[in-house]
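No gaps in the numbering here: position 157 of the sequence shown is 228 in the numbering used here, and each next residue is one more. A virtual CB, placed ideally from N, CA and C, is assigned to each residue, including glycine. Small disclaimer: the values here were computed from a predicted structure and weren't measured.
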Amino acid sequence: MLKCRAVWRKLAPLARSASTQCRHNVKTALNNGRRQAFVPATHMSTGPAGGGGSENTLYVVLVGAACLGGGAYAYMTVRGDSKRYEERISELASRSAKEAPESQPPVAPEPEEAAPTSEESAPVAELSGETESASAEEPVTEVPAEPAAPVVEEAEEPVTETPPEAAEQAAPVLAEAEPVAEVPPEAVEEAPPVVEEAPPEPQAEVLEALPAVVESAAEEPVTEAPPAAEPETVQEAPTEPAVTSLPESAPAPEPVSAPLTLPSHAPYLLIGGGTASFAAARSIRARDPGAKVLIVTDEPNLPYMRPPLSKELWFSDDPSVTETLRFKQWNGKERSIYFQPSSFYVKPEELTSAENGGVAVLTGKKVIQMDVRGNKVKLDDDTEISYDKCLIGTGGVPRNLQVIEKAGDEVMNRTTLFRKIEDFKSLDNVSRNVKSITIIGGGFLGSELACALGRRSSETGLEVIQMFPEKGNMGKVLPEYLSNWTTEKVKKEGVRIVPEALVKSVAFKEDKLEILLKDGRQVKTDHIVAAVGLEPNVDLAKSAGLEVDSDFGGYRVNAELQARSNIWVAGDAACFYDIRLGRRRVEHHDHAVVSGRLAGENMTGANKPYWHQSMFWSDLGPDVGYEAIGIVDSSLPTVGVFAKATSKDTPKAATEQSGTGIRSESETEATAVTPVASSTPAPVMEHKDEYGKGVIFYLRDKVVVGIILWNVFNRMPIARKIIKDGEEHADLNEVAKLFNIHED
């Protein structure tokens, strides 16, 4: 309709001019008869001067037909608009009367509300008059103009062109718009206070959206308009008009009501919540203070250190240690196994908006698939997270004996695979409720748990048994003479040792576990702890297309710990290339710290190779402990230099001096300078029955590739430098002087 009106306004002057000329020609023809053909043609003639009358007659007919058609079209349009206007007014009146409560008397403001509509129609009437006068000049079209149609058409335009400034006066504008939006008077009286309480911006949005709704409702047929406006209002408040939903929608833009969502992108994504990931996160933040780091772990806990689970926690006097997870170190100081409290981390849903970045930990989620080309991962709940740089620090899972796995549920339910906080809590509870526990394994973990539980046996009468296939404790690491000495030390802790034990079968009989060895020996116990090694977790290798080393296991990475573009691996799961010792895979706390730190640096562009040799340590109680570095394998040639120990040569004394129970934390940052040998004579005590303190060198092609410091502490930087130099030494007794083991 608006387009027709615009066209008509443009054609009206031409039509009036053509009509005037036609009337003049007709009048002249009637007065002069056929002499009109000889009268000089006017400028409106289509033929040459003095043309025939037939052309003039045809011109008159065409112009008259055009005028008649235009008038007929205008009449039909105006009549249709007038009809729709009357039907709309009737519908509004009937609906207002129907929705008004019967008990409420007629309200006076209703005519007042209708007044603005008539006032707004005043200028429209003037515009309509102009249209009527324009069409009155046309003699052929004598259609009487009806004022109803222009009023309806022009009434829509003021509502549609409501200026944004009207939002500042929400109540008056809303009151004017309500009659058009089918709002009864009683709702209009309640609307202003609600709108005043709403925030200014939501009011403006509602008022800007209201004219469009009113305009669309006015243009649509009456039979289709009510369903578009009523259903939602009827469901929420059947007795109230549609305008009541406007104040409810006003607070919607507020951020408080928005649901919390996990970040869909993380610049630095670390898979696994162990020591390697935490060390990498700390390194990344050190080099890039504004970095945003997301750690995803399937454990329910924040990153924590694992060594105390098999060491200090077992010697705590606190009965609630399984809940607090706080322990006293050998030096008497107390600390938690968690690296940082929860306040240190950013909530995962707030990481994206964190102004200064931070480290967020997403617990209880497991990454099940990696898309290396798309730089994104998929979680076990189908959530996808993209990344710029990614670190795999998934660690490993404890191995189990096949004979135990095949023995059935009764045996499996009475077997602990020690690795996590939950395993420590479970084993602590078991040790207080059973009479016998058997530890299968003679390595670091098995020996530490045997000594820890052995101490408890003297208090509770618990029987602790340790069996292993080697001849002595730590037989795969220590030389035979030192392994035998360690075995006797463990026995003094209250542990029953079963050496050279190969398990043939395990069965549950008469409420006991029966362990049958291949040599026919049989051991009965209540519970089994399987400490037979770690299997690197390489579940993502297939989907990510990463190479797994066939000899050592784990993800195969280069000297910079990089597996693919934008993907690094650190910790137990990394099979890395050591530029000094060749390809290796290490399963120790300090290696997780060193490799995680290096991976974090390289993720920020450091491009450093792995050269810093990680160390590991083990304590057999507070009096005997050792630290090791490099390749320590009892199958290699060894040279040991020992000296008499003093009260200062114990793990307890070492922690008192360093101030920390995690000895690697104090030494990994240290850099060894050229060591100065002691001038004290070096009495060699090789292969004696008493090994108070000393140094054991592991050789490969006459070069030192591994060192164990037996009850010698805070000397690891010297050992690291010896391995890094890679030189042959004619007399290792002289090299042992560098550690000052002969000083009191």
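Just so you know, the alpha carbons of F489 and L605 end up roughly 10 Å apart. Distance from Y626 to A602 at the Cβ level is roughly 24 Å; contact not present, criterion being Cβ atoms closer than 8 Å. Ranked by how close their Cα comes to the Cα of V548, the residues L524, I702, A634 and I508 have I702 in first place. Of the other Cβ atoms in all chains shown, 16 or more fall within 10 Å of the Cβ of Q537; this residue is therefore buried. N446 is a Cβ neighbour of Y458, given a cutoff of 7 Å. Between G711 and G765, the gap from beta carbon to beta carbon is short of 7 Å.
Residue burial is scored here from C-beta neighbours: I650 has fewer than 16 other C-beta atoms within 10 angstroms and is therefore classed as exposed. Contact between T486 and S497 is ruled out by a C-beta separation of about 11 Å, above the 8 Å threshold. When the five nearest sequence neighbours on each side are left out, the beta carbons in the same chain lying within less than 6 Å of the beta carbon of L587 are those of K575, S576 and Q593, in order along the chain.
Under the three-state reduction of DSSP output, R490 falls in the coil class, being neither helix nor strand.
Judged by DSSP in its simplified three-state form, D643 adopts helix.
Checking the DSSP bridge columns, you'll see V774 partnered with R771 and E799. Rounded to the nearest angstrom, the gap between the Cα atoms of T393 and D620 is 38 Å. Using a 10 angstroms sphere on the CB of T395, the tally of other CB atoms stays under 16, which defines it as exposed. Assigned with DSSP and collapsed to three states, F410 falls in coil, not helix or strand. With fewer than 16 other Cβ atoms from the protein chains shown falling within 10 Å of its own Cβ, G616 counts as exposed. Judged by their CB atoms, W639 and L462 are nearer to each other than the 7 Å cut-off. E162 sits in a helix when the DSSP states are folded into three classes. N544 sits away from V569, with the two beta carbons spaced by 7 Å or more. With a cutoff of 7 Å on beta-carbon distance, G344 and I366 are scored as near each other.
Linking D720 to L433 through their CA atoms gives a straight-line distance of about 42 Å. Around the beta carbon of M147, fewer than 16 other beta carbons sit within 10 angstroms, so the residue counts as exposed. Note on geometry: alpha-carbon atoms of L533 and K404 lie some 28 Å from one another. The C-alpha of N673 lies about 6 Å from the C-alpha of K679.
Its chain contains L617, Y626, V628 and V640 as the residues whose beta carbon lies nearer than 6 Å to that of A634, once the 5 sequence neighbours on both sides are disregarded; these appear in chain order. Under the DSSP assignment, I342 falls in the beta strand (DSSP E) whose first and last residues are H336 to I342.
For E698 and N500, the gap between their C-alpha atoms comes out near 31 Å.
Inside the region 500 to 582, DSSP marks whole beta strand (DSSP E) runs of 3 or more residues at positions 507 to 511, 534 to 538, 566 to 569 and 574 to 580, from first to last along the chain. In summary, W556 is buried, with 16 or more beta-carbon neighbours lying within 10 Å of its beta-carbon over all protein chains present. In the same chain as G466, and ignoring 5 residues on each side of it, the C-beta atoms closer than 7 Å to its own belong to G343, G345, N608, G642, D643 and A644, in chain order.
Going by beta carbons, S348 and G464 fall inside the 7 Å limit. As a beta-bridge residue in DSSP terms, C461 pairs with L340 and I638. F415 has its alpha-carbon roughly 15 Å from the corresponding atom of G361. In terms of Cα proximity to M787, the closest of R526, A801 and M686 is M686. Put simply, the backbone Cα of V665 is about 11 Å away from that of L632.
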